[in-house]
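Residue numbering for the sequence shown follows the working numbering, beginning at 26 and increasing consecutively.
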Amino acid sequence: MKSFPQFPNLPTELRAQIWQHALPPPPQNPLYIYTKGCWQPHTNSSNSITYSFNHSLLPPADFPIPLFFVNREARTIAHTYIHQQNLSIRYNAPSQSLKFVRPFNTTLDTLYIPSDKFNDFICEPAERQFEPDLLEQNLGCPPPLFTRMAISRETLRDEDEPIFEFFEWFYGVEKVFVVLDAEELESGDELKVQPRWEMELEESVLSWDGGKREFVWRGRRDADDRGEVPYELMEYKAAGAGLRESIEEHQKESFEIWPAHAVMR
């Protein structure tokens, strides 16, 4: 405001448009890091016990909105945006400040499994059933509500068929992303609030063709100017025989494996 002293004299509609342009862009392909402890039982409407991955237990993502702190008019615009994006406002006691966070959205968001947590991720659904509250229980186990998951290039390299390994429990998944530059995502810290991570996708995708009963590349493979996409590795390890058999067993009409890059916003 100091650099533009005439701003308060502008028409209200024009000021509102300027405030709108100052808001952060809506999230695109958000990434949320897997945290152990999300597999939990709950009783459904028929009083039987359902055992599933509770995505609401994932730490929310930090979503800074500097506009909120400018003045009352800007705060009104920011409040509308906060509601539209389903954000929450938290008080940070150590810094005595407000923090804006975004919970996991099952329609838009992707669950990322760090390479150092991949074994925990694979074993947790079975191991959790041997804890006292679930012993000798007859459990229903529906797939999670979300349909997008991501692994690192390192996991793809080190595991035999990483997607097939978790498909038994996550058979509702329709898209898996291989993050090519996941070093900063490989944090072993258990965070109450996650950094805001998103993905930028390559222009090629390994897509299931039900008619041919095989995966085929679609899109522009020649767009990978830097040679970063491990095409052969994705073909024989991400889209291996085990995954192909599981896709046919579950009669899935579509399944995609995308190479992607992680970006902190």
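The C-beta atom is built at its ideal place from N, Cα and C for all residues, glycine as well.
Option nearest residue i by Cα separation, candidates the options
{"i": "C166", "options": "H67, E239, M259, V230", "result": "H67"}
{"i": "A285", "options": "L35, P49, L56", "result": "L56"}
{"i": "D185", "options": "Y137, T105, P33, E260", "result": "E260"}
{"i": "N79", "options": "A266, P150, H108, I114", "result": "P150"}
{"i": "Q219", "options": "P30, F146, R97, R290", "result": "R290"}
{"i": "R100", "options": "A47, Y137, N54", "result": "A47"}
{"i": "D134", "options": "A175, E179, N96, I90", "result": "A175"}
{"i": "P304", "options": "R115, Y137, S120, W64", "result": "No answer is possible for residue 304: it lies beyond the span of the chain, which begins at 26 and ends at 290."}
{"i": "F277", "options": "R243, G252, S232, Y256", "result": "Looking at the sequence shown, residue 277 is not Phe but Lys. Residue S232 is the option with its Cα nearest to K277."}
{"i": "I188", "options": "R245, T131, A264", "result": "A264"}
{"i": "F280", "options": "R243, Y256, W44, E257", "result": "R243"}
{"i": "E179", "options": "Q162, L170, Y137", "result": "Y137"}
{"i": "K200", "options": "L181, R173, E209, L210", "result": "R173"}
{"i": "D206", "options": "L181, P50, V230", "result": "L181"}
{"i": "P33", "options": "D247, E98, T75", "result": "E98"}
Three-state secondary structure assigned by DSSP to residue i
{"i": "D214", "result": "With a pLDDT of only 49 at D214, under 50, the local geometry of the prediction cannot be trusted, and the value read off the model is given with reservation. It is coil, neither helix nor strand."}
{"i": "E186", "result": "coil"}
{"i": "T37", "result": "helix"}
{"i": "D87", "result": "strand"}
{"i": "H46", "result": "helix"}
{"i": "L92", "result": "helix"}
{"i": "Q219", "result": "strand"}
{"i": "E273", "result": "helix"}
{"i": "T75", "result": "strand"}
{"i": "G197", "result": "coil"}
{"i": "S120", "result": "coil"}
{"i": "G165", "result": "strand"}
{"i": "I282", "result": "strand"}
{"i": "F29", "result": "coil"}
{"i": "F192", "result": "helix"}
{"i": "A264", "result": "coil"}
{"i": "L258", "result": "helix"}
Residue interval of the alpha helix (DSSP H) (run including residue i)
{"i": "L231", "result": "It is not in any alpha helix (DSSP H) - L231 instead sits in the beta strand (DSSP E) that spans 229–234."}
{"i": "E152", "result": "143–153"}
{"i": "Q109", "result": "97–109"}
Strand pairing of residue i, partner residues [DSSP]
{"i": "E239", "result": "D234"}
{"i": "M224", "result": "A287"}
{"i": "P55", "result": "E223"}
{"i": "P66", "result": "Y76"}
{"i": "S177", "result": "V204"}
{"i": "G244", "result": "S229"}
{"i": "V126", "result": "D87, S113"}
Element boundaries [beta strand (DSSP E), containing residue i]
{"i": "T135", "result": "135–138"}
Open item on the list: Tell me whether the region 220–237 and the region 183–198 touch, counting them as touching only if at least three CB pairs, one residue from each stretch, are closer than 8 Å.
Closed with: Counting C-beta pairs with one atom in each stretch, the region 220–237 and the region 183–198 have fewer than three that are closer than 8 Å, which means they do not touch.
Open item on the list: Three or more C-beta pairs under 8 Å: does that hold for the region 54–63 against the region 141–160?
Closed with: When C-beta atoms of the region 54–63 are compared with those of the region 141–160, three or more pairs fall below 8 Å, so the two segments count as touching.
TODO: For the region 257–275 and the region 234–241, state whether three or more C-beta atom pairs, one from each stretch, are separated by less than 8 Å.
DONE: These segments touch.
Task: Three CB pairs or more closer than 8 Å across the region 39–46 and the region 112–127 - done: No: fewer than three Cβ pairs fall under 8 Å.
Task: Segment contact, 8 Å Cβ cut-off, at least three pairs: the region 84–92 with the region 105–117 - done: Yes: the two stretches touch, three or more of their Cβ pairs being nearer than 8 Å.
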